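1 is the number of the first residue of the sequence shown in UniProt numbering; add one for each residue after it. Think of the CB as a built atom: it goes at the ideal place given N, C-alpha and C, for glycine as much as any other residue. Given the structure is predicted, the values throughout are model-derived calculations rather than measurements. Notes to accompany the following structure.
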Amino acid sequence: MSVRDRGTRLLMVLTALVVLRGVQAAVAGLTVLAVTVSRLEHPAPTLHLARLAEVELAPATAVTALTMIVVSTGLAAALLPRRQPLAAFAGIKAFALIAASALAVLFTAEPVSIRAAVAGCGVGIVALFWPAARDAAGRVLAAMGLPHPHGRAGDLVLAVKIALLVAFVALPV
Numbered sequence: 001m002s003v004r005d006r007g008t009r010l011l012m013v014l015t016a017l018v019v020l021r022g023v024q025a026a027v028a029g030l031t032v033l034a035v036t037v038s039r040l041e042h043p044a045p046t047l048h049l050a051r052l053a054e055v056e057l058a059p060a061t062a063v064t065a066l067t068m069i070v071v072s073t074g075l076a077a078a079l080l081p082r083r084q085p086l087a088a089f090a091g092i093k094a095f096a097l098i099a100a101s102a103l104a105v106l107f108t109a110e111p112v113s114i115r116a117a118v119a120g121c122g123v124g125i126v127a128l129f130w131p132a133a134r135d136a137a138g139r140v141l142a143a144m145g146l147p148h149p150h151g152r153a154g155d156l157v158l159a160v161k162i163a164l165l166v167a168f169v170a171l172p173v
């Protein structure tokens with residue numbers, strides 16, 4: 001591998017990290033703004049910097065999780081169909097945040113029925129957006145020159161990759 005190829009790959013990794021953190025910060029910021037303006041929750045959630053420069057909300061409640069699902073869904077709907085690899089990658093991150101928010105609500109102190117309803121909403125949206133996320137991931141991987149299997153095996157591999165991204169977002173380290 002030449003020095004130029006290494007430099008290009010390093011630039012791709014750094015750009016991907018900026019996109020990942022940027023989408024997460026945008027979703028968190030818009031969630032705080034929406035919950036604060038709507039006055040659905042008192043005290044309003046706040047933003048804080050967590051591990052690996054991630055912007056997160058505190059406290060985690062069903063209202064903030066549902067708002068994050070709505071905001072992430074809007075971003076995913078806008079970004080997943082885009083042809084540009086960076087926009088599609090940002091859409092995949094928004095898609096992963098939908099799943100992460102659906103999982104995160106399960107760890108809140110809300111009644112079980114509310115947690116189940118919000119988680120079910122998130123899971124339903126993930127199922128609805130799966131075909132668009134699969135297509136976007138194929139475009140991103142093709143742009144990076146990485147092979148991606150098609151068919152059921154490709155779906156399984158892609159689901160594992162997205163599950164790892166969700167775990168990285170949802171689980172505290």
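- Shown here, T46 sits in a strand according to DSSP, grouped into three states.
- L75 is a Cβ neighbour of A94, given a cutoff of 8 angstroms.
- The beta-carbon separation of A60 and A88, rounded to 28 angstroms, does not stay under the 8 angstroms limit for a contact.
- Put simply, the backbone Cα of H48 is about 16 angstroms away from that of T36.
- Listed as beta-bridge partners of A58 by DSSP are T46.
- With a threshold of 16 other beta carbon atoms within 10 Å, G122 meets it and is buried.
- If you look at A109, you'll find it isn't in any alpha helix (DSSP H); DSSP assigns it neither H nor E.
- Taking the Cα of T15 as reference, the smallest distance to any Cα among P149, L86 and A109 is reached at L86.
- Secondary structure at R82: coil, using DSSP grouped into helix, strand and coil.
- Within the region 82 to 163, the runs of alpha helix (DSSP H) at least 4 residues long that lie entirely inside it are, in chain order, 85 to 104 and 112 to 143.
- Shown here for A62: same chain residues with a beta carbon closer than 7 angstroms to its own, the five before and five after excluded, namely V105, T108, E110, I114, R115 and V118 in chain order.
- The beta carbon of G29 lies closer than 8 angstroms to those of L47 and V55 in the same chain, with the five residues before and after it left out.
- With fewer than 16 other Cβ atoms from the protein chains shown falling within 10 Å of its own Cβ, A142 counts as exposed.
- A50 and A78 have their C-alpha atoms roughly 27 angstroms apart.
- Taking 8 angstroms as the cut-off, the beta carbon of L80 is found closer than this to the beta carbon of A133.
- Nearest to V140 by alpha-carbon distance, out of G91, L164 and V112, is G91.
- With fewer than 16 other Cβ atoms inside 10 Å of its own Cβ, L33 counts as exposed.
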